[in-house]
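Below is one structure, written out as structure tokens, with a few remarks after it.
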Amino acid sequence: MSNQHDERSIRIEKIKSIKESGINPYKDRCDTTHNLEKAGKLEPGTKDVELCGRLMLKRVFGKLIFASLKDFSGRLQIALNIKDMEQERFKFFQKMIDIGDFVYVKGEIFRTEKGELTLRVFDYKLLSKAINPLPEKFHGLIDLESRSRQRYLDLIMNTETQERFIKRIKILKVLRNFLDENGFLEVETPVLQAKPSGAMAKPFKTHHNSLDIDLFLRIAPETYLKRCIAGGFERVYEFARCFRNEGMDPSHIQEFTLLEFYCAYWNYRDNMLFTQKFIKHIIKEVNGSLEIEYKDKKIDFSSDWPEYTFRELIIEHTGIDLECCESKDDLLEEIKKRNIELEEVDVDKIGRGNLIDQLYKKVARPKMINPQFLIQHPIDLSPLARKNDDNPSVADRFQLVVNSWEIVNAYSELIDPVEQRERLVRQAEARKKGDEEAMIMEEDFIQCMEYGMPPISGWGMGIDRFIALLTNQENLREVVLFPLMRPDNSAENT
RNA sequence: GGGCCGUUAGCUCAGCUGGUAGAGCAGCAGACUCUUAAUCUGCGGGUCGAAGGUUCGAUCCCUUCACGGCUCACCA
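Under the numbering used here, the first residue of the first sequence is numbered 1, with each subsequent residue one higher.
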């Protein structure tokens with residue numbers, strides 16, 4: 001792989017020769033007077049400007065060199081004129097400083113004949129030498145796999161990548177601020193759990209050596225956050241990194257961030273009102289406008305978001321009235337009558353609630369672009385949610401659907417310990433029958449509930465999806481700095 | 001997990017019906033004092049993802065494998 005013509009070897013040779021001349025090519029620090037963005041706003045004629053950054057471009061014209069520096073704030077052109085320094089220094093820059101190296105430069109701001117604001121360099125210093133060449137200056141790094149595996153290159157080469165991650169940070173901050181301002185306290189709950197609960201999902205399994213027990217990575221923070229409420233906290237939230245051992249595709253990653261909050265004495269209706277205020281505030285802060293552009297669509301958050309029950313949506317899209325099909329078999333018959341294909345759904349294994357959910361996902365959800373609330377979920381899909389007082393087959397629950405994605409899932413929490421036990425027992429039975437995603441019986445959580453819990457409404461949001469929505473991305477890997485990828489072993493054998 | 005597609009120089013990409021590979025950028029040597037993907041001359045750089053198979057001959061056809069992308073299913 002390496003020979004004398006290989007760029008990497010050439011650069012290593014350069015380092016050797018730099019070191020032999022008594023210069024350390026890896027400095028420990030650097031002072032500057034401006035970052036590059038601020039330097040780019042200085043008046044021509046400003047003297048003694050000290051800058052540093054990574055060299056991104058170098059154009060040599062014999063006795064004049066144009067180059068481009070990049071730092072976190074931006075880019076600025078620099079120019080070296082052979083008249084402005086000892087010839088040896090000029091030659092050194094020409095021969096020994098490569099694209100990708102970090103340099104310090106000192107000089108005066110001026111405007112080139114072509115009008116570009118530029119630093120005229122009188123003095124410079126090599127701060128750190130790179131040995132691998134950067135990707136090509138015009139196309140940069142394009143391939144999603146390379147960009148994900150070598151995110152640092154993606155960040156260097158594609159300014160929109162850096163902007164996207166800065167936007168992610170801002171969104172998290174705005175979410176956090178809003179919750180803080182509304183009296184919520186940020187808490188931290190365990191990632192390693194003996195019984196992964198709070199969602200219907202397959203967990204990652206690991207092992208604790210000294211306790212000699214299997215542990216699981218959390219699939220949701222829900223039951224721990226509710227323990228906090230039982231313990232007297234009234235409003236808590238957590239940005240919870242969660243892990244689900246399921247298939248990967250553009251809208252699912254193994255490790256994702258779930259924001260959950262819990263508020264004592266609220267029901268799901270209170271929470272719907274809050275949600276609308278909350279999300280509108282975030283979008284306004286981050287985006288400036290309540291109408292966002294997403295791919296070829298416009299998504300409008302500005303109006304009052306409509307709410308639909310499962311029943312209404314399914315009547316609208318299929319003509320089937322859930323109230324007229326009390327049993328799963330009745331519903332199945334109606335589905336068949338209308339030639340609606342639920343391909344690959346194993347209708348024998350799933351219950352009525354799940355069948356309704358599948359039907360909704362097939363016929364209604366793909367058409368739900370603008371924000372809307374979905375309410376009255378089948379109770380057997382919501383083992384931790386409160387049963388509706390008027391209709392015991394549905395839960396006091398809502399989802400916010402945007403762009404066919406379930407962005408928010410929230411409900412009035414079930415706080416009746418006897419009923420909670422029964423519901424979890426039923427889940428445990430389903431689990432025994434082979435439903436890997438049925439919820440786990442968590443005795444400790446029920447015991448907590450038996451000591452008494454106030455009325456609670458809980459709320460959860462898939463942060464990565466929300467960010468993808470606000471950054472116009474279709475693949476969640478674009479909004480996670482270092483998404484999980486299968487290790488690439490080919491490079492390790494060299 | 002299934003289906004479809006992809007993997008060629010450091011990067012971005014060509015490569016015809018099978019005759020063992022090209023360009024641009026980057027690099028090296030040289031010219032050049034205003035470039036904006038600078039230009040000009042010359043040069044070097046490849047296990048064509050991997051392993052088998054068919055063939056006189058494979059980047060190309062076949063099989064298997066690896067990695068990825070899209071998609072279906074599960075899910076947020």
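Each residue gets a CB set at the ideal place from its N, CA and C atoms; glycine is no exception.
DSSP on Gly462, reduced to helix/strand/coil?
strand
Grouping DSSP H, G and I as helix and E and B as strand, with all else coil, what is Glu478?
helix
In whole angstroms, what separates the C-alpha of Phe165 from that of Arg147?
14 Å
Can you list the beta strand (DSSP E) stretches of 3 or more residues lying completely in the region 185 to 234, in chain order?
205 to 208 and 213 to 217
Could you give the uninterrupted runs of the beta strand (DSSP E) lying entirely in the region 35 to 100, keeping only those of 3 residues or more?
49 to 60, 64 to 70 and 75 to 81
Between Asp464 and Ser393, what straight-line distance do the alpha-carbon atoms span, to the nearest angstrom?
If I take the Cα positions, the gap works out to 32 Å.
Do Ile379 and Glu420 have their beta-carbon atoms positioned less than 7 Å apart in this structure?
Sequence check: residue 420 is Gln here, not Glu. Contact: no.
Lys297 - containing beta strand (DSSP E), residue span
Lys297 to Asp300
Arg386 versus Thr189: straight-line alpha-carbon distance, rounded:
Cα-Cα distance, rounded: 23 Å.
Between the beta-carbon of Lys205 and the beta-carbon of Asp212, is there less than 7 Å?
no
Looking at Ser73: is its Cβ nearer than 7 Å to the Cβ of Leu36?
yes
Give, in chain order, every unbroken run of the beta strand (DSSP E) that is at least 3 residues long and sits entirely within the region 320 to 401.
Along the region 320 to 401, the beta strand (DSSP E) occurs as fully enclosed runs of 3 or more residues at 372 to 375, listed in sequence order.
Quick one: measure Cβ to Cβ for Ile78 and Val105, integer angstroms, because I've assumed they're closer than 8 Å.
5 Å
Length of the line joining the Cα atoms of Phe233 and Ser457:
13 Å
Assign Lys433 to one of two classes, buried (16 or more other C-beta atoms within 10 Å of its C-beta) or exposed (fewer than that).
exposed
Can you tell me where the beta strand (DSSP E) with Phe138 in it begins and where it stops?
No beta strand (DSSP E) holds Phe138; DSSP gives it neither H nor E.
Proximal residues to Lys14 (C-beta, below 6 Å), its chain only, five neighbours per side dropped
In its chain, beyond the 5 residues on either side, Met96 have a beta carbon closer than 6 Å to the beta carbon of Lys14.
Kindly confirm or deny that the region 475 to 485 and the region 247 to 256 touch, where touching means at least three C-beta pairs closer than 8 Å.
yes
Could you tell me whether the region 255 to 268 touches the region 149 to 163, where touching means 3 or more Cβ pairs closer than 8 Å?
no
How about Glu163 and Gly460: do their beta carbons lie closer than 7 Å?
Going by C-beta atoms, Glu163 is not nearer than 7 Å to Gly460.
What first and last residue would you give for the alpha helix (DSSP H) that runs through Asp180?
Thr159 to Glu181
With a Cβ-Cβ cutoff of 7 Å, do Glu478 and Phe373 count as a contact?
no
Quick test of your reading: Phe122 and Met85, contact by CB under 8 Å. State the CB separation rounded to the nearest angstrom.
6 Å
Counterpart residues of Cys242 in DSSP-defined beta bridges:
Phe256
On a CA-only basis, which of Ile335, Arg352, Arg241 and Ser382 is nearest Ala410? Give me that one, please.
Here the closest residue by C-alpha is Ser382.
Distance, Cα to Cα, Ile253 vs Phe239?
16 Å
For Cys263, name the three-state secondary structure that DSSP assigns.
Secondary structure of Cys263 (DSSP, three-state): strand.
Inter-residue spacing [alpha-carbon to alpha-carbon] between Lys167 and Val286:
8 Å
Per DSSP, which one or two residues make a beta bridge with Tyr237?
Looking at the DSSP assignment, Tyr237 forms a beta bridge with Glu186 and Phe261.
Host alpha helix (DSSP H) of Pro409 (start-end):
It should be noted that the sequence gives Asn, not Pro, for residue 409. That residue, Asn409, is in no alpha helix (DSSP H); its beta strand (DSSP E) goes Trp405 to Ser412.
Tell me whether Tyr224, by its Cβ, gets closer than 6 Å to a heavy atom of the ligand COA.
The ligand COA is not part of the structure shown, which contains no ligands of any sort.
Mapping the DSSP letters down to three states, classify Leu484 as helix, strand or coil.
Coil at Leu484, not helix or strand.
Taking the alpha-carbon positions, what's the Tyr294 to Leu470 distance?
8 Å
Using only CA atoms, which one of Phe138, Pro135, Pro221 and Ile282 lies nearest to Ile171?
For the residues Phe138, Pro135, Pro221 and Ile282, the minimum Cα distance to Ile171 belongs to Ile282.
Let me check understanding here. Comparing Cα to Cα, which of Glu429, Ala201, Val418 and Arg431 lies closest to Cys448?
Val418
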